[in-house]
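Residue numbers (full-length UniProt numbering): 1 to 216.
See below:
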């Protein structure tokens, strides 16, 4: 069986990132007889300058993308339906807020060392998209970390200091230097880039082709 290295650059407040991951998982399941994958997550901040209190999401989207409320609702419904199609239920987020996610990325960097990175990443997606939680709030982050089996005291120490801040910034700069400016960015075997929350068949075809290339 062939083993692929898959690196995913993403943010926990990016709906297309969880949609893309779900599609990727379906593709891997369809190809499970022939290949497996080792997945590593890497940090990307959609809103690195977001203030601590966050911003109302419709206001934020309108300012950032120049779209009106009707377009925002249309996009939200399209995302919701795409989520359903890949087995992910977005919560009833008619409003809500967008937050800074840097501290969540610091915990994810640590979680990789504890072999719980994907578990934490998925729990953070759920916190934000299904529970309308705040991924910048330390108490909420501590609860999520504890729930996936990470040590509470270590998590508390990381959040109360600048532990892993330099590491996260270095990783962000590395991928920005590679030209990645939007997420999700799925990098296979350090050379093949699949951008965006693609459908399952797009991932499946790409992974099969890469796998065949690996053989050749």
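Idealized CB from N, CA, C, for every residue including glycine.
From a predicted model like this one, the values you see are computed outputs, not experimental measurements.
Pairwise C-alpha distance: residue j and residue i
i	j	result
residue 14	residue 147	22 Å
residue 63	residue 212	45 Å
residue 142	residue 215	44 Å
residue 80	residue 17	13 Å
residue 61	residue 209	37 Å
residue 84	residue 77	11 Å
residue 186	residue 173	17 Å
residue 52	residue 114	28 Å
residue 82	residue 27	15 Å
residue 46	residue 152	27 Å
residue 129	residue 70	20 Å
residue 176	residue 170	10 Å
residue 54	residue 2	43 Å
residue 159	residue 21	26 Å
residue 161	residue 145	16 Å
residue 229	residue 65	This structure does not reach residue 229, given that the chain is present from 1 up to 216, and the question cannot be answered.
residue 75	residue 29	28 Å
Beta-carbon separation (whole angstroms), residue i vs residue j, contact threshold 8 Å
i	j	result
residue 67	residue 96	That pair is no contact at about 17 Å.
residue 184	residue 8	6 Å
residue 188	residue 6	6 Å
residue 127	residue 135	6 Å
residue 106	residue 165	6 Å
Nearest residue (CA-CA) to residue i, options the options
i	options	result
residue 102	143, 90, 43, 149	43
residue 49	99, 184, 165	99
residue 222	154, 104, 163	An answer regarding residue 222 cannot be provided, because it is not within the stretch 1 to 216 covered by the chain.
residue 276	188, 159, 108	This structure leaves residue 276 out entirely; the chain is present only between 1 and 216.
residue 138	26, 155, 175	155
residue 132	31, 90, 59, 75	90
residue 34	4, 165, 191	4
residue 10	191, 181, 192	181
residue 88	25, 30, 144	25
Own chain, CB closer than 8 Å to residue i, minus 5 neighbours either side, in chain order
i	result
residue 23	86, 197, 198, 199, 200, 202, 203
residue 157	163
residue 178	none
residue 192	206, 210
residue 190	5, 7
Neighbourhood of residue i by C-beta, 7 Å cutoff - its chain only, sequence neighbours within 5 removed
i	result
residue 125	12, 18
residue 111	117, 120, 150
residue 31	204, 207, 208
Cutoff 6 Å; reference residue i; Cβ partners in own chain excluding five residues on either side
i	result
residue 206	194
Mind pulling the alpha helix (DSSP H) runs of 4 or more residues that sit fully within the segment 142-174? 152-160
Quick one: which unbroken beta strand (DSSP E) runs of 3-plus residues sit fully inside the segment 169-209? Chain order, please. 185-188, 192-195
Enumerate, from N- to C-terminal direction, the unbroken beta strand (DSSP E) stretches of 3 or more residues contained entirely within the segment 71-123. none
Extract the residue ranges of the alpha helix (DSSP H) inside the segment 10-42, only unbroken runs of 4 or more that lie entirely within it. 15-30
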